[in-house]
Amino acid sequence: MEKYFAIAFFVISAIWYLSYSATRLDRLHHRVETSWANLDGLLQRRAAVALEIAKSDIADPASSLLLTAAAHQARDAQMKARSQAESGLSGALGLLLNDGHFVSGSIEKDLLRELSELTDKIRIAIALHVDAVNRTQMVRAKPVFRIFRLAGSAPLPVTYEFEADVL
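Quick note on numbering: this note's numbering labels position 104 of the sequence shown as 235, and the sequence is numbered without any gaps.
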């Protein structure tokens with residue numbers, strides 16, 4: 132009789148552990164999705180601010196054209212081309228800001244301040260996203276998660292190249 136209780140206890144403990152582990156992995160995947168949604172929103176806002184800067188007096192006509200093209204490409208890019216598009220926008224913004232344009236109007240100063248604040252927020256969002264991805268990948272690499280396929284059909288989360296070179 133004790134033998135059956137021991138087996139039942141072991142089976143219940145194993146089921147509880149697998150359920151707990153699957154729930155933990157689900158929360159990690161949710162964290163990755165949430166951090167990506169936050170980062171994506173900030174990147175979309177950065178592209179919008181870049182378009183406003185392109186239309187302002189900060190940029191000369193050539194820089195304005197380059198910035199407009201990069202911003203539209205970043206806003207409309209599919210996931211496969213997203214890294215290249217975001218890197219292009221970072222490069223265009225970097226060229227414009229490193230050019231040393233004199234900013235005279237309050238609207239232009241507000242745009243540059245907003246861009247600077249957005250860039251700081253994007254850096255934080257990238258750090259959060261990369262941390263969430265790394266933790267999820269680390270957990271999914273454990274044998275129990277692979278053997279029992281606790282991730283289900285969820286794709287393995289990844290980081291993107293542009294996350295290393297945001298302004």
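We put the beta carbon where it would ideally sit given N, CA and C, even for glycine.
Got a sec: does the ligand NAD put a non-hydrogen atom nearer than 7 angstroms to the Cβ of residue i?
i	result
Lys240	Among the components of this structure there are no ligands whatsoever, and the ligand NAD is therefore not found.
Taking the alpha carbon of residue i as the point to measure from, which residue in the options has its own alpha carbon closest?
i	options	result
Tyr148	Thr290, Leu281 and Ala223	Leu281
Pro286	Leu224, Leu159 and Gly219	Leu159
Tyr253	Asn169, Ile143 and Phe136	The residue you asked about is not Tyr; residue 253 is Ile in the sequence shown. Nearest of Asn169, Ile143 and Phe136 to Ile253, Cα basis: Asn169.
Trp167	Arg155, Ser284 and Val264	Val264
Asp262	Ala139, Pro288 and Ser150	Pro288
Taking only beta-carbon positions, decide if residue i is within less than 8 angstroms of chain B.
i	result
Ala256	The question asks about chain B, but that chain is absent: this structure has only one protein chain.
Would you mind stating whether residue i and residue j have Cβ atoms separated by less than 8 angstroms?
i	j	result
Ala185	Leu173	no
Ala205	Glu217	yes
Arg239	Ser187	The sequence shown places Glu at residue 239, not Arg. Going by C-beta atoms, Glu239 is nearer than 8 angstroms to Ser187.
Tyr291	Ser221	no
Leu227	Ser194	yes
If we count the other Cβ atoms within 10 Å of its Cβ and call it buried at 16 or more, is residue i buried or exposed?
i	result
Arg177	buried
Val163	buried
Roughly how many whole angstroms lie between the Cα atoms of residue i and residue j?
i	j	result
Leu182	Asp241	14 angstroms
Gly236	Ile189	9 angstroms
Gln209	His203	12 angstroms
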